[in-house]
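Enquirer: Can you keep this structure in mind? I'll have questions shortly.
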Amino acid sequence: ELSARRKRSLPVFKSELLQQKQEAQNDTEPVVLEGKCLVVCDSNPATDWRSSSSPLGISVRAANSKVAFSAVRSNNHEPSEMSNKTRIIYFDQVLVNIGNYFTFESVFLSPRKGVYSFNFHVIKVYQSQTIQVNLMLNGKPVISAFAGDKDVTREAATNGVLLYLEKEDKVYLKLEKGNLVGGWQYSTFSGFLVFPL
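Residues 677 to 873 in the numbering used here are what the sequence shown lists, from first letter to last.
Written out as structure tokens, the structure is:
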């Protein structure tokens, strides 16, 4: 008898699920479609980052909205004259530079307004001196990291942040205190666009 009741209630349960699914779709919740194509409708499309719209009001984001970079030091050469004058920490090997917004001078130039993620690891080698590394936005420090343990041969000044950037803002690393004499091989600086605004 219990089994018979379950069988009778199953169609009612399925009907309720279908009704809830249809109501969810009407409330603009995400809908999973079977097949090889997914269309995403943006009810509030941004106009400042190269999108196009179809006659149905569907926003199509261009492939050039992808922005990311990652750079490293591949060797332990002493700082160059450029680095000594500006104290900008430079990187000689770029692993990723989608959009080409990370310059030869190790400065990231924001291509559009949005929220960006940055992180860095600057290694000091064989010295008793503390280093302070600042992540700079348009010449002003935003965050800092320190490495100053006298008893280790290698130590990293490490930090990360999300930043709201305008178009053409400049982000770079600056050695505020100490020096990198002895090299900073394996140091890294990375960033990417989280989402445009």
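Ideal Cβ positions, reconstructed from N, Cα and C, are used throughout, including at glycine.
Under three-state DSSP, which class holds residue 779?
Expert: Reduced to three states, the DSSP call for residue 779 is coil.
Enquirer: Does the Cβ of residue 766 have 16 or more other Cβ atoms within 10 Å, making it buried, or fewer, making it exposed?
Expert: It counts as buried.
Enquirer: Select from 784, 789, 861, 841 the residue whose C-alpha is nearest the C-alpha of residue 748.
Expert: Checking every option, the nearest Cα to that of residue 748 belongs to 861.
Enquirer: Give the secondary structure of residue 834 by DSSP, where H, G and I count as helix, E and B as strand, and everything else as coil.
Expert: Looking at residue 834 - three-state DSSP - the assignment turns out to be strand.
Enquirer: Starting from residue 813 and walking both ways along the beta strand (DSSP E), at which residues does that stretch end?
Expert: Element bounds for residue 813: 807-813.
Enquirer: Answer yes if the segment 832-840 comes into contact with the segment 787-796, meaning at least three C-beta pairs across the two stretches below 8 Å, and no otherwise.
Expert: Yes, the segment 787-796 touches the segment 832-840.
Enquirer: Leaving out five residues before and five after residue 779 in sequence, what residues of the same chain have Cβ atoms less than 7 Å from its Cβ?
Expert: 785.
Enquirer: Assuming residue 864 contacts residue 796 under a Cβ cut-off of 8 Å, what Cβ separation, rounded to an integer in Å, is found between them?
Expert: At roughly 7 Å, the Cβ-Cβ gap stays under 8 Å, so residue 864 and residue 796 are in contact.
Enquirer: What did DSSP end up calling residue 786 once you bin it into helix, strand or coil?
Expert: DSSP places residue 786 in coil when its eight states are reduced to three.
Enquirer: Report the three-state DSSP secondary structure of residue 719 (helix, strand or coil).
Expert: Confidence in residue 719 is poor, its pLDDT being 47 and thus under 50, which makes the residue's placement unreliable; the coordinate value appears in the next sentence. The answer is coil: DSSP assigns residue 719 none of H, G, I, E or B.
Enquirer: Give me the Cβ distance between residue 851 and residue 763, rounded to the nearest whole Å; I'm assuming they're in contact under 8 Å.
Expert: Their Cβ separation, rounded to whole angstroms, is 5 Å, which keeps residue 851 and residue 763 in contact under 8 Å.
Enquirer: Give me the Cα-Cα distance between residue 825 and residue 806, rounded to the nearest whole angstrom.
Expert: The straight-line gap from Cα to Cα measures roughly 7 Å.
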